[in-house]
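Residue numbers (the working numbering), protein chains in the order written: chain F, 367 to 794; chain X, 367 to 794.
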């Protein structure tokens with residue numbers, strides 16, 4: 367019977383066009399599945415290079431790409447730009463900013479957002495790096511402050527405008543610190559010869575005994591050396607206590623006067639509403655099975671930062687890393703096809719291919735499963751891997767040319783204050 | 367006497383880092399003049415390509431460049447980012463957002479801004495092209511509306527979101543219309559296959575009998591043919607009367623439902639406050655002598671769009687074009703050096719090197735003093751001249767590569783809604 371072929375395809379709705387959601391949707395290519403991908407932005411962005419936007423090393427189009435363009439040749443994938451408010455599990459539908467959306471299977475790939483902990487009440491006074499507008503605001507803010515520091519009269523005010531505090535010594539904080547230190551050394555003296563840069567301090571605060579503590583001790587130790595060489599004041603075992611818009615106060619009472627506090631001290635998962643309370647675990651993550659199925663639900667799955675498969679080996683779930691999301695997305699596509707065919711699914715097993723971070727030019731730390739190394743060669747490896755990862759991005763070549771130019775000239779090309787940014791915060 | 371060499375240099379303050387101000391400041395290189403350049407933005411931008419930003423053909427860094435970077439090797443040129451409120455002629459000082467600034471000689475190069483005429487009361491409902499944020503807002507707005515038109519239910523609402531009106535058929539309006547028409551034909555169908563593009567109308571309204579009426583009749587006639595070929599509805603001798611946020615009404619009572627009205631129908635000069643009233647002429651311009659000296663003042667000069675040297679041949683002053691500003695800037699630098707040496711100045715004579723405009727790819731119109739031509743060769747000339755004009759811009763090569771890619775693929779690479787834009791206007 368011909369009618370058989372016209373059977374309605376199972377409809378899978380994916381929320382989030384990050385590494386997990388994009389990989390998942392791509393893996394459904396030519397499969398008998400009707401895919402709807404939803405994101406509140408119309409682009410996918412390459413989060414690991416966000417600090418390059420903030421420091422003017424790259425422009426947004428180098429690390430962001432329109433979702434629709436990624437799926438031009440995918441007949442079974444549609445995209446909607448919308449904010450998802452909550453899922454109504456009983457009715458198998460989503461409540462969104464563009465109306466209700468029904469699903470047969472739902473995949474939550476909504477990632478993570480800043481966790482400000484005790485700084486939540488003053489979060490509007492902080493700068494951060496989680497989105498492209500965040501990074502562009504940070505860039506404008508730094509250059510606005512440099513301009514202002516030329517014209518303020520009081521020395522204290524100058525110090526305030528020039529000092530920079532980074533709270534959090536994970537990969538984001540460390541990579542940003544490295545880029546800012548190089549900007550201070552190689553770029554600002556050329557563009558602001560009137561400024562006395564001895565008044566500019568870049569302080570990095572890390573609550574634990576090591577920077578980059580997700581990596582090996584070897585990598586952490588070397589990173590600390592690199593940071594100090596770049597002139598960054600690194601404070602280990604140091605917690606930030608409060609900020610009043612002008613002065614950052616540490617747990618031991620020490621103060622640091624600064625207009626610029628950049629928050630990289632933690633993230634928490636960003637699940638949608640409507641998930642059963644007993645499926646939410648530490649860090650706001652959604653508890654999933656080994657098939658990435660959300661516990662206590664049917665037909666709902668979660669991948670990437672927002673999902674946590676809690677086991678004896680990983681009592682907090684897997685780390686919030688792009689490769690985890692990508693590997694889960696890939697397998698889940700396969701599993702959902704199996705599921706719709708009434709077959710049994712495959713368990714997810716994470717394959718750790720290593721972690722790396724860069725601290726300024728020619729310096730990086732790389733932890734591979736059986737090999738750890740640091741220095742200039744590590745930097746080349748870092749560069750190579752990141753260029754390759756930008757596959758599918760229009761500006762792969764442009765980014766590469768830009769970086770190479772940076773590398774040879776020790777220069778950041780950009781400093782346009784296209785949209786001045788003022789914090790929505792009244793100093794006390 | 368050694369002291370003689372320490373004599374204070376004459377201080378020239380230039381307001382505005384457009385084509386005029388930048389050329390003037392550059393021309394003081396190694397001259398015994400102390401130059402202070404002021405602009406409210408920290409970058410110079412290449413205004414003629416603004417429509418490329420709006421339509422996603424180029425990113426801002428391709429047409430904007432930090433002022434400080436331009437003057438890195440100029441020991442006698444300093445820059446301040448500030449808004450100038452007014453000049454106090456008696457005291458020879460400026461009142462600015464960063465305090466008072468004294469001058470020996472002042473040069474006003476503040477350019478022009480939108481003139482909304484009878485649309486002034488509804489200007490917040492319009493989009494425009496005068497600045498990079500304007501152009502980025504326009505880009506976001508168009509893509510936001512395309513996303514929304516996919517999800518609205520009523521056909522009338524869809525039409526409203528997809529229709530585009532351009533008011534003004536000068537170079538800005540024509541070039542923008544061409545780029546939008548190509549976007550509609552070659553890009554939107556690929557990214558929004560679900561949309562019925564027969565519902566999208568691009569209307570261009572020109573109050574006079576010709577589009578591009580600053581150019582030759584030959585160029586105007588050919589431009590009209592090009593625009594129609596691209597599917598643009600061109601209305602000549604047509605004045606827009608009013609807009610209520612949803613419906614544009616013409617002088618003859620005809621209406622056009624559209625969410626997007628782009629204003630390119632006129633500019634007026636943007637002088638600073640404090641200029642004697644009897645020195646302000648038609649279009650808000652500042653009347654100047656043949657030496658670009660502001661009438662009824664001493665030590666104050668004006669160049670570019672903001673200045674008008676009224677003569678029998680040019681009863682409205684010279685046209686508001688980049689080459690006029692650049693040529694005036696170059697001569698004024700020479701004249702100010704002569705003046706500080708007590709010598710007599712040279713008269714300004716404008717050398718018209720021609721005008722050109724492009725209407726989509728492979729189509730342009732060029733009016734040289736003794737040769738007018740249109741078509742594909744004109745487009746190559748246009749391209750060549752604009753690439754050369756971007757000299758001093760970091761991204762000369764990047765812009766060129768991007769354009770070439772566009773040319774071969776008939777594609778606009780960009781559509782990132784980095785900052786959603788909502789008009790600050792309540793529909794009536």
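For every residue, glycine included, the Cβ atom is placed at its ideal position computed from N, Cα and C.
| Check | Outcome |
| --- | --- |
| Element boundaries [alpha helix (DSSP H), containing residue 700 of chain F] | 688-706 |
| Classification of residue 399 of chain F by the beta-carbon crowding that lies within 10 angstroms, buried from 16 upward | buried |
| Proximity test, Cβ basis, 8 Å: residue 465 of chain F and chain X | yes |
| Residue-level contact to chain F via CB, residue 407 of chain X, 8 Å cutoff | yes |
| Contact set for residue 583 of chain F: own chain, Cβ-Cβ below 8 Å, skip 5 residues either direction | 576 |
| C-beta contact flag for residue 606 of chain F and residue 571 of chain F at 8 Å | yes |
| Chain-ordered neighbours of residue 562 of chain F on chain X, where CB pairs are closer than 8 Å | Within 8 Å Cβ-Cβ: nothing; residue 562 of chain F doesn't reach chain X, min ~16 Å. |
| Selection from X:751, X:534, X:579 and X:508 that minimises the alpha carbon distance to residue 558 of chain X | X:508 |
| Residue of F:416, F:692, F:409 and F:628 minimising C-alpha distance to residue 435 of chain F | F:409 |
| For residue 752 of chain F, the first and last residue of its enclosing alpha helix (DSSP H) | 742-755 |
| Under 8 Å between C-beta atoms of residue 517 of chain X and residue 446 of chain F | yes |
| Contact list for the segment 515-535 of chain X against chain F, Cβ threshold 8 Å | 516 and 517 |
| C-alpha distance - residue 486 of chain X paired with residue 414 of chain X, whole-angstrom precision | 24 Å |
| Residue 540 of chain X and residue 685 of chain X closer than 8 Å at C-beta | no |
| Proximity to residue 598 of chain F [Cα-Cα], best of F:725, F:385 and F:488 | F:725 |
| Simplified DSSP assignment, three categories, for residue 655 of chain F | coil |
| Closer than 8 Å to chain F by CB, residue 551 of chain X | no |
| Cβ-heavy atom distance, residue 614 of chain F to the ligand GTP, below 7 Å | In the structure shown, the ligand GTP is absent, as is every other ligand, since no ligand is present at all. |
| Residues in the segment 421-443 of chain F having any Cβ partner in chain X nearer than 7 Å | 425, 426, 427, 430, 432, 434, 435 and 438 |
| Residue nearest to residue 500 of chain F in terms of C-alpha spacing, selected from F:520, F:470, F:422 and F:523 | F:422 |
| Contact between the segment 666-682 of chain X and the segment 522-541 of chain X (3+ Cβ pairs under 8 Å) | no |
| Buried versus exposed, by CB contacts within 10 Å (16 or more), residue 670 of chain X | buried |
| Exposed unless 16 or more other CB atoms sit within 10 angstroms - verdict on residue 788 of chain F | exposed |
| Where residue 488 of chain X sits in the DSSP three-state scheme | helix |
| Buried or exposed (CB count within 10 angstroms, at least 16 for buried), residue 743 of chain X | exposed |
| Supposed close pair residue 796 of chain F, residue 380 of chain F - CB separation, criterion 8 Å | Residue 796 of chain F lies beyond the stretch modelled for chain F, which goes from 367 to 794, so this question has no answer here. |
| Inter-residue Cα distance where the pair is residue 394 of chain F and residue 553 of chain X | 24 Å |
| Buried or exposed (CB count within 10 angstroms, at least 16 for buried), residue 586 of chain F | buried |
| Interface residues of the segment 607-634 of chain X facing chain F [CB-CB below 8 Å] | none |
| First through last residue of the alpha helix (DSSP H) which encompasses residue 637 of chain F | Taken as a continuous stretch (DSSP letters only), residue 637 of chain F belongs to no alpha helix (DSSP H), as it is neither H nor E. |
| Any C-beta of chain F under 8 Å from that of residue 548 of chain X | no |
| Residue 750 of chain F, buried or exposed, once every other Cβ within 10 Å from all chains shown has been counted against 16 | exposed |
| Any chain F beta carbon closer than 8 Å to residue 375 of chain X | no |
| Cut-off 7 Å between Cβ atoms - residues of its own chain near residue 566 of chain X, not counting five sequence neighbours on either side | 528, 529 and 550 |
| Residues bridged to residue 447 of chain X [DSSP beta-bridge criterion] | X:405 |
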